Amino acid sequence: MRYAEITGWGKCMPPATLTNDDLSTFLDTNDEWITSRTGMKERRISHVSAVEMSTIAASRALACAGLDAADVELIIYGGVSNEELCPNSASGVQLALGATEAASIDLNTACTSFCYGLATATSMIRTGIVRNAVVIGVELISRYMDWSNRNVAVLFGDGAAAVVLQASDQETGMLEAVLGCDAEARDSLRVRGFGCGYSGLGITYGDTLWDFDGQVIFKRAVHGMSEACKRVMEARKLSADDIGLVVPHQANLRIIESVAKYAGVPMEKVMLTVQKYGNMSAATVPVALVEALEEGRVRPGSWLLMPAFGGGLTYCALLVKWGKRVTPLGTSPMELPPLTGTALELVNAVRASQDPHGRSKAGLMAPAFALPPKA
Ligand SMILES: CC(C)(COP(=O)(O)OP(=O)(O)OC[C@H]1O[C@@H](n2cnc3c(N)ncnc32)[C@H](O)[C@@H]1OP(=O)(O)O)[C@@H](O)C(=O)NCCC(=O)NCCS
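Here you go:
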């Protein structure tokens, strides 16, 4: 039997830190509200592109696995943050890495994109289509955030991480997955008009208007993730005691606590990054995984439970059996270019390109699109 072991891991976190107090310089919000409702204290703002963050994370994961970029057979770029509709972002990472033999796929299921990517790559390795894969979770939300909307602007941050999967005859890697989508609530989280949106009045290129119903998402996220956790654990006949570490999506501390409680897993066995990175959408699970490894919280041969949810509303839970190795084989020389300025200055530069409703000024100036709206 063929399995897909996780043999490499690496992250790329931009250094610029935006605090809750920074947010209250331009929004009617405060540290007390954000901390008590979400658990978040700060988040990172990137000074480079999503492809650059992804490339560094992937190169660190490859060095960790001891795999040459030229031998990579598949790259999955998981996330919402794309600069262009075509070509895809995975091909940008492929080019920058020199992974000339790879197939390159963008996969967007919002915050669950990394987990869906891990499931997809595992399946492709287990069926023999490829022998290895790089799976990336990345977001650059600061560039398309509606910075005038306090309901969403305080919640998100930028970041990237990647893992390398390699074919193995050992029973390791992702062994169970439940993937689903609560599409009835798809309108509760929407970024309208990004890239190619059609408003009925004209093309809204660059529009960053967010629709967001936090309470609907909250309830459905807890339900979807809890049921998915229950189903993957039942499929392997595992109890809460068998779980070595929960590595959840980090959208809200209270959501994580509810899901852990339902699964019967104490919070000591839950990896948390939400307080320092906020919600990095597709990047939260892989960044938390990499930091769990760095902190020695992943034991050889242990079970990891990874629940996530996101726009769609997609949800999932993965069960990963870790292999023997928990230390990197090597390190990558790739580093981010130096940062000049602060996180607040980076955010203010994006704000300067938006009108008072968070819409891109460039988008408002885009030419009207000739096609009539859909019936
Ligand atoms: C977003 C979320 C933190 C809001 O928490 P909540 O306890 O539901 O808060 P509410 O929506 O009830 O808002 C309560 C009040 O705070 C206000 N408020 C909203 N954002 C605020 C902010 N940043 N600062 C201060 N006040 C804020 C609201 O206007 C509301 O005021 P009102 O009572 O006068 O109308 C929570 O619903 C959540 O985490 N949802 C899911 C997370 C998510 O969707 N993540 C993205 C998908 S991965």
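Position one of the sequence shown corresponds to residue 1 (UniProt numbering), numbered consecutively onward. Every residue, glycine too, gets a C-beta built ideally from N, C-alpha and C. Computed from a predicted model, the values in this text were never measured in an experiment.
Exercise. In chain order, what residues of the same chain have a beta carbon less than 6 Å from the beta carbon of M13, not counting five sequence neighbours either side?
Worked result: Stepping through the sequence shown from its first residue, residue 13 is reached at position 13. Result list for M13: R44 and G159, in chain order.
For this session: Quick one: using the 10 Å Cβ neighbour count with 16 as the cut-off for buried, is residue 409 buried or exposed?
Result: The requested residue 409 is not part of the displayed model; the chain covers only 1 to 375.
Problem set entry | Burial state of D146, where buried means 16 or more other Cβ atoms lie within 10 Å | Within the sequence shown, residue 146 is the residue found at index 146, counting from 1. Classification of D146: buried, given that the 10 Å Cβ count is 16 or more.
For this session: Have a look at E101 and S258 and give me their C-alpha separation to the nearest angstrom.
Result: Translated into the one-based positions of the sequence shown, residue 101 becomes position 101. Translated into the one-based positions of the sequence shown, residue 258 becomes position 258. Taking the CA atoms as reference points, E101 sits about 43 Å from S258.
Problem set entry | Residues sharing a beta bridge with M174, DSSP | Here residue 174 refers to the residue found at position 174 of the sequence shown. Partner(s): V320.
For this session: Would you grab the beta carbon distance between I76 and I136 for me? Rounded to a whole angstrom, and I think it's under 8 Å.
Result: One-based indexing of the sequence shown puts residue 76 at position 76. One-based indexing of the sequence shown puts residue 136 at position 136. Going by Cβ atoms, the distance from I76 to I136 rounds to 7 Å, so yes, they are a contact pair.
Exercise. So does the segment 294–311 actually touch the segment 213–226, counting three or more Cβ pairs closer than 8 Å?
Worked result: Result yes; three or more Cβ-Cβ pairs closer than 8 Å.
Exercise. Just how far apart, CA to CA, sit S59 and R190?
Worked result: Along the sequence shown, one-based indexing puts residue 59 at 59. Along the sequence shown, one-based indexing puts residue 190 at 190. Their backbone Cα atoms lie some 32 Å apart in a straight line.
Exercise. Is the beta carbon of C316 sitting closer than 7 Å to the one on L175?
Worked result: Residue mapping note: residue 316 aligns to position 316 of the sequence shown, counting from 1. Residue mapping note: residue 175 aligns to position 175 of the sequence shown, counting from 1. No, they are not a contact pair.
Exercise. With 16 as the cutoff for other CB atoms within 10 Å, does K237 come out buried or exposed?
Worked result: In the sequence shown, residue 237 corresponds to position 237, counting from 1. By the 10 Å Cβ count, K237 comes out exposed.
Problem set entry | Separation of E294 from K321, as counted between CA atoms | What you label residue 321 is simply residue 321 of the sequence shown in a count that begins at 1. What you label residue 294 is simply residue 294 of the sequence shown in a count that begins at 1. Roughly 18 Å between the two C-alpha positions.
Problem set entry | Nearest to L346 (by Cα), restricted to the options C64, S46 and I217 | Position 346 of the sequence shown, counted from the first residue, corresponds to residue 346. It is S46 whose Cα lies nearest to the Cα of L346.
For this session: Determine the direct distance from the alpha carbon of S281 to that of I125, and round the result to whole angstroms.
Result: Here residue 125 refers to the residue found at position 125 when the sequence shown is read from its first residue. Here residue 281 refers to the residue found at position 281 when the sequence shown is read from its first residue. Answer to the nearest angstrom: the Cα atoms are 25 Å apart.
Problem set entry | Distance between D28 and L62 (C-alpha atoms, nearest Å) | For the purposes of this step, residue 62 is taken as residue 62 along the sequence shown, with counting starting at 1. For the purposes of this step, residue 28 is taken as residue 28 along the sequence shown, with counting starting at 1. About 43 Å.
Exercise. Looking at M225 and ligand 2, is the gap between the Cβ and the nearest heavy atom below 6 Å?
Worked result: You won't find ligand 2 in this model; what it holds is ligand 1.
Exercise. How long is the line joining the alpha carbons of Y205 and L344, rounded to whole angstroms?
Worked result: In the sequence shown, counting from the first residue as 1, residue 205 sits at position 205. In the sequence shown, counting from the first residue as 1, residue 344 sits at position 344. In this prediction, Y205 has a pLDDT of 46, which is less than 50 and means its spatial position is unreliable; what the coordinates show is noted afterwards. Going by the C-alpha atoms only, they are around 25 Å apart.
Exercise. Looking at C-beta atoms only, is the number of pairs between the segment 155–174 and the segment 107–124 that lie closer than 8 Å three or more?
Worked result: yes
Exercise. Since A240 and V274 are thought to touch, with beta carbons under 8 Å apart, how far apart are those beta carbons, to the nearest angstrom?
Worked result: Looking up residue 240 in the sequence shown gives position 240. Looking up residue 274 in the sequence shown gives position 274. Actually they do not touch by this definition, with Cβ atoms about 21 Å apart.
Problem set entry | For C86, the nearest candidate out of T25, S104 and L97 (CA to CA) | Taking the sequence shown and counting its residues from 1, the one referred to as residue 86 is at position 86. Closest option to C86, Cα to Cα, is S104.
Exercise. Just checking my contact of V164 with V134 at CB under 8 Å: how many whole Å lie between their CB atoms?
Worked result: Within the sequence shown, residue 164 is the residue found at index 164, counting from 1. Within the sequence shown, residue 134 is the residue found at index 134, counting from 1. So it is a contact: roughly 6 Å between Cβ atoms.
For this session: Could you tell me which of A119, Q250 and C181 sits nearest to G78, measuring between CA atoms?
Result: Position 78 of the sequence shown, counted from the first residue, corresponds to residue 78. Of the candidates A119, Q250 and C181, the one whose C-alpha sits nearest the C-alpha of G78 is A119.
Exercise. Under the three-state reduction of DSSP, which class applies to G202: helix, strand or coil?
Worked result: Counting from one through the sequence shown, the residue named residue 202 turns up at place 202. Summary for G202: the model assigns pLDDT 45, below 50, so the residue's position carries little reliability, and this model does not support an answer.
Problem set entry | Sequence-distant residues of the same chain with beta carbon closer than 7 Å to R297, five excluded per side | On the sequence shown, residue 297 is found 297 positions in, with the first residue counted as 1. L245 and M271.
Exercise. At which residues does the beta strand (DSSP E) containing F26 begin and terminate?
Worked result: In the sequence shown, counting from the first residue as 1, residue 26 sits at position 26. Careful: F26 lies outside any beta strand (DSSP E) and carries neither H nor E.
Problem set entry | Distance between T35 and T342 (C-alpha atoms, nearest Å) | Residue numbering aside, residue 342 sits at position 342 when the sequence shown is read from its first letter. Residue numbering aside, residue 35 sits at position 35 when the sequence shown is read from its first letter. So the two alpha carbons sit approximately 22 Å from each other.
Exercise. Leaving out five residues before and five after I56 in sequence, what residues of the same chain have Cβ atoms less than 6 Å from its Cβ?
Worked result: The sequence position of residue 56 within the sequence shown is 56, counting from 1. Answer for I56: C12 and M334, listed in chain order.
Exercise. Taking the alpha-carbon positions, what's the K276 to M40 distance?
Worked result: Locating residue 276 in the sequence shown gives position 276, counting from the first residue. Locating residue 40 in the sequence shown gives position 40, counting from the first residue. Cα-Cα distance, rounded: 6 Å.
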